[in-house]
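Reading the sequence shown from the start, the letters are residues 79 to 759 in the working numbering. We put the CB at the ideal spot given by N, CA and C, even for glycine. What follows is a single structure, written as structure tokens, with notes after it.
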Amino acid sequence: MGESVPAHDRASPTTDRGPFELCLLGGFSLRDAAGQPVELPTRKCELLLAYLAMPAGRLHGRDKLAALFWSDRDEEQARGSLRKALSSLRAALGPQALGGDRDAVTLDPAALAVDADRLASLASNPAGIVEGAAPLWRYGEFLESRPSASAEFSDWLTFERTRCRNLAQTVLEGMALRLADAGDLSQAQSVGQRLLAIDNLREESHRLLMRLYARAGERSRALAQFQGCRELLKRELGVEPSQETVRLSRQIASDAASAGDAAVRPADGSGSPAARETAPSWPTERPRGLSIAVLPFAGKSDGEQDFLANGISQDIITELSRQRDFLVIAPQSTVGYGSGAGEAGIAARDLDVRYILAGSVRRGGDQLRVAVQLIDASGDRCVWAERYDRPAQDVFDLQDEVVRRIIANIDAEVRAAERESAARKRPENLDAWELFHRGMWHAYRFTRDDHQLAQGHFERALELEPGFSLPYAGLAYVCLSAVTWHFTTDVGQTLGAGIAQAEKALALDAGDAFSHVVLGRLLTFIGERPRAAHHLSMAIDLSPSFAQAYFGMAQLHFWSGRPREALHHIGQAVRLNPRDPLGSMFMTLQSFCHYWLDDFAAAEAAARRATALNARETWSRLGLAAALVALGRAEEAMTVIAEARRMDQGLTVASFDAVVGQVPDDLRQRVYSALRQAGLG
79 MGESVPAHDR ASPTTDRGPF ELCLLGGFSL RDAAGQPVEL PTRKCELLLA
129 YLAMPAGRLH GRDKLAALFW SDRDEEQARG SLRKALSSLR AALGPQALGG
179 DRDAVTLDPA ALAVDADRLA SLASNPAGIV EGAAPLWRYG EFLESRPSAS
229 AEFSDWLTFE RTRCRNLAQT VLEGMALRLA DAGDLSQAQS VGQRLLAIDN
279 LREESHRLLM RLYARAGERS RALAQFQGCR ELLKRELGVE PSQETVRLSR
329 QIASDAASAG DAAVRPADGS GSPAARETAP SWPTERPRGL SIAVLPFAGK
379 SDGEQDFLAN GISQDIITEL SRQRDFLVIA PQSTVGYGSG AGEAGIAARD
429 LDVRYILAGS VRRGGDQLRV AVQLIDASGD RCVWAERYDR PAQDVFDLQD
479 EVVRRIIANI DAEVRAAERE SAARKRPENL DAWELFHRGM WHAYRFTRDD
529 HQLAQGHFER ALELEPGFSL PYAGLAYVCL SAVTWHFTTD VGQTLGAGIA
579 QAEKALALDA GDAFSHVVLG RLLTFIGERP RAAHHLSMAI DLSPSFAQAY
629 FGMAQLHFWS GRPREALHHI GQAVRLNPRD PLGSMFMTLQ SFCHYWLDDF
679 AAAEAAARRA TALNARETWS RLGLAAALVA LGRAEEAMTV IAEARRMDQG
729 LTVASFDAVV GQVPDDLRQR VYSALRQAGL G
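Dropping the structure here:
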């Protein structure tokens with residue numbers, strides 16, 4: 079036990095051995111499915127694997143990789159070194175782990191379980207934090223003590239370290255809050271101390287510890303924490319603590335009741351619990367929750383870079399303004415603020431917004447790099463960061479592409495942050511806006527219990543604000559989900575109820591893209607394709623970066639017998655939001671499209687990606703089973719169907735047909751025949 083297995087002694091493909099475990103937080107370690115350490119021959123191989131894994135599935139040009147890791151060698155030598163390193167990785171991980179062609183390389187996401195991915199998953203899933211976060215007590219810096227391969231690699235390393243540090247702070251803070259809610263204040267304080275150790279200049283961490291100490295009755299310790307924070311900020315930065323930190327210290331010093339029990343969870347951006355209680359539940363058509371300011375992007379003094387930086391930030395503001403539920407601060411109001419993330423808190427307070435987008439543009443040779451960070455100022459945390467490296471030949475095409483990607487990610491990440499924020503609050507403290515997002519948080523978990531909770535939250539939101547359109551769309555989505563996930567025995571009645579709710583939503587707000595998408599998908603299921611096409615096209619026109627609108631259009635094309643067009647729209651959806659809550663369904667539909675086109679290997683690969691994204695999904699297993707039968711692997715298909723039946727005991731060909739009965743008959747009969755061969759009755 080514990081003895082390293084040299085890479086050259088391991089030739090089994092990944093699919094036979096199961097996923098490897100790659101740990102990048104605190105250094106580098108690789109273990110096989112049995113838990114045995116796997117040694118790679120060089121540090122460069124380790125760094126290359128880390129780069130390919132963050133994230134896995136992305137296609138990387140070989141020339142770029144060679145320059146990134148062997149910039150000190152000529153082009154031919156660098157490519158030779160890359161080939162040798164990739165060969166070592168294949169020997170270690172199995173021949174199926176790496177894909178691509180002579181020009182590009184990709185790492186199969188199913189080949190590795192990466193601790194940094196687990197960290198990101200925990201940060202986006204508050205309910206799983208306490209159970210899954212224990213290893214983060216020992217959180218270490220991303221690729222700690224690993225030398226950089228080049229200046230470009232150093233930039234990437236800095237970016238990933240910042241991103242992982244922000245994610246760890248989110249997870250540890252959530253863990254501390256949940257432990258405190260459970261009454262385990264001693265453990266909560268220990269987690270809070272670990273959180274502070276990640277960045278001892280972060281005032282939010284100091285405030286959390288102050289609240290935890292106060293709740294435990296340790297007032298003197300809470301005040302000592304404030305004093306230590308004050309001295310540290312003065313010594314290191316030459317500044318005083320923020321008004322929020324000072325106000326909390328005074329509250330604790332006066333022994334106010336809210337400094338104990340009620341103060342462990344701060345009011346979300348409202349300043350005080352009293353202010354939150356008196357705030358209206360739905361004050362305006364544009365809620366403060368989606369308010370955002372785009373700070374001027376930083377370029378270098380180079381005129382072209384300044385021009386591009388200004389153009390990108392202006393285009394982002396223009397496109398965000400098209401989102402009806404975003405309040406976007408005019409660009410004239412953001413002049414004078416720096417582009418760094420450190421300016422976020424100041425700008426957010428001055429401009430009275432919750433979210434800040436900061437970014438920069440940098441040119442190196444014939445490549446342009448655009449880096450962006452989305453900061454939630456209410457918790458002083460980075461909720462999303464990304465970097466875009468593109469050839470600089472056509473600046474205008476580059477600008478259009480990058481802006482589209484940024485808008486899609488902002489839209490997805492801000493809404494995810496709203497769901498997470500609502501999920502953390504006590505139900506009795508939620509207003510109509512928060513109840514809608516709490517409902518969507520449950521709806522996207524795709525379980526029968528969560529389905530019922532989602533419906534209850536949407537109904538409660540309408541009790542508070544009968545004229546609010548989104549909860550009606552949420553109720554329509556609950557109906558759609560009930561049909562998709564077999565939570566109803568009366569498919570026709572449920573689809574009809576969903577259509578009625580979606581139409582109510584659009585009667586209140588005809589410009590909401592989500593409502594159009596839900597109605598379009600419901601109409602697709604009942605075969606009303608022209609109406610479905612109208613609503614899905616409207617959704618794309620209203621919100622060109624909304625991934626689920628393209629998925630809905632893909633479903634419509636598939637239901638209409640056009641699998642190639644469906645694949646195109648699925649590709650659009652995945653590019654716009656690879657982390658969409660419906661991501662597994664994107665891949666499942668992709669699998670059935672490939673099956674229809676007789677590309678059974680691609681159908682299998684897409685179905686396996688879907689099951690990796692959502693282990694509870696049965697649809698992906700139906701696609702996988704059909705592909706395996708077509709590939710002559712009926713025994714494997716029978717195992718897959720047995721697994722699907724364990725998850726959904728009511729799953730039959732008939733229950734499947736109740737949902738997809740409007741799909742062209744020739745495909746349905748092919749799939750049903752394959753599923754029957756795999757044992758589905």
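{"Item": "Between the CA atoms of Glu-251 and Leu-286 - distance to the nearest angstrom", "Value": "8 Å"}
{"Item": "CB of Ala-712 within 9 Å of CB of Ala-685, strictly", "Value": "no"}
{"Item": "Own chain, CB closer than 8 Å to Leu-531, minus 5 neighbours either side, in chain order", "Value": "Gly-517 and His-520"}
{"Item": "Beta-carbon proximity list for Leu-513, same chain, < 6 Å, skipping 5 on both sides", "Value": "His-535, Arg-538 and Ala-539"}
{"Item": "CB contact below 9 Å: Asp-186 versus chain B", "Value": "Absent from the structure is chain B; it holds one protein chain and no more."}
{"Item": "Ser-149: first and last residue of the uninterrupted beta strand (DSSP E) it sits in", "Value": "First-last for Ser-149: undefined, no H or E at that position."}
{"Item": "Alpha-carbon to alpha-carbon, Thr-396 and Asn-655", "Value": "20 Å"}
{"Item": "Beta-carbon spacing of Ala-144, Ser-159 below 9 Å", "Value": "yes"}
{"Item": "Proximity of Ala-632 and Ala-644 at Cβ, strictly below 9 Å", "Value": "yes"}
{"Item": "Rounded straight-line distance, which links the Cα of Ala-688 to that of Tyr-522", "Value": "15 Å"}
{"Item": "Residue from Arg-754, Ile-424, Leu-429 and Gln-451 whose Cα sits closest to the Cα of Ser-391", "Value": "Gln-451"}
{"Item": "Neighbourhood of Ala-201 by C-beta distance below 7 Å, restricted to the same chain and skipping five residues each side", "Value": "Leu-245, Thr-248 and Val-249"}
{"Item": "Between the CA atoms of Ser-621 and Asp-658 - distance to the nearest angstrom", "Value": "15 Å"}
{"Item": "Simplified DSSP state of His-635, which is helix, strand or coil", "Value": "helix"}
{"Item": "Contact the segment 142-157 vs the segment 97-115: 3+ CB pairs below 8 Å", "Value": "no"}
{"Item": "Start and end residues, alpha helix (DSSP H) containing Ala-425", "Value": "422-429"}
{"Item": "Backbone CA spacing between Leu-221 and Gly-135 [nearest angstrom]", "Value": "20 Å"}
{"Item": "Gly-178 to Leu-137 span [Cα, whole Å]", "Value": "7 Å"}
{"Item": "Cβ pair Phe-636, Val-652 closer than 9 Å", "Value": "no"}
{"Item": "Collapsed DSSP secondary structure at Leu-185 in the structure displayed", "Value": "strand"}
{"Item": "Proximity of Gln-305 and Tyr-291 at Cβ, strictly below 9 Å", "Value": "no"}
{"Item": "Cβ shell of His-613 (< 6 Å), same chain only, five flanking positions each side left out", "Value": "His-594, Leu-597 and Gly-598"}
{"Item": "Coil, strand or helix - Asp-277 by DSSP", "Value": "coil"}
{"Item": "Short Cβ contact (9 Å threshold) for Ala-551 with Ala-583", "Value": "yes"}
{"Item": "Cβ pair count under 8 Å reaching 3, the segment 660-679 against the segment 719-735", "Value": "no"}
{"Item": "Identified DSSP bridge partners for Leu-176", "Value": "Leu-185"}
{"Item": "Close-in-space but distant-in-sequence residues of the same chain around Gln-265 (CB under 7 Å, 5 per side omitted)", "Value": "Leu-257"}
{"Item": "Residue closest to Ser-547, alpha-carbon to alpha-carbon, out of Phe-231, Met-716 and Ala-578", "Value": "Ala-578"}
{"Item": "Arg-109 (DSSP reduced to helix, strand or coil)", "Value": "strand"}
{"Item": "Reduced DSSP category for Ser-223 - H, G, I as helix; E, B as strand; rest coil", "Value": "coil"}
{"Item": "Close Cβ partners of Asp-528 (< 6 Å) along its chain, the five nearest in sequence each way excluded", "Value": "His-520"}
{"Item": "Residues near Trp-674 in its chain [Cβ-Cβ closer than 6 Å; skip 5 each side]", "Value": "Pro-641 and Leu-745"}
{"Item": "Span separating the alpha-carbon of Arg-313 from that of Ala-436", "Value": "27 Å"}
{"Item": "Straight-line gap, Ala-591 to Ala-627 (C-alpha atoms, nearest Å)", "Value": "8 Å"}
{"Item": "Residue environment, Arg-121, which counts as buried when at least 16 other CB atoms sit within 10 Å", "Value": "exposed"}
{"Item": "Bridge-paired residues (DSSP) for Leu-118", "Value": "Paired residue(s): none; Leu-118 is not in a bridge."}
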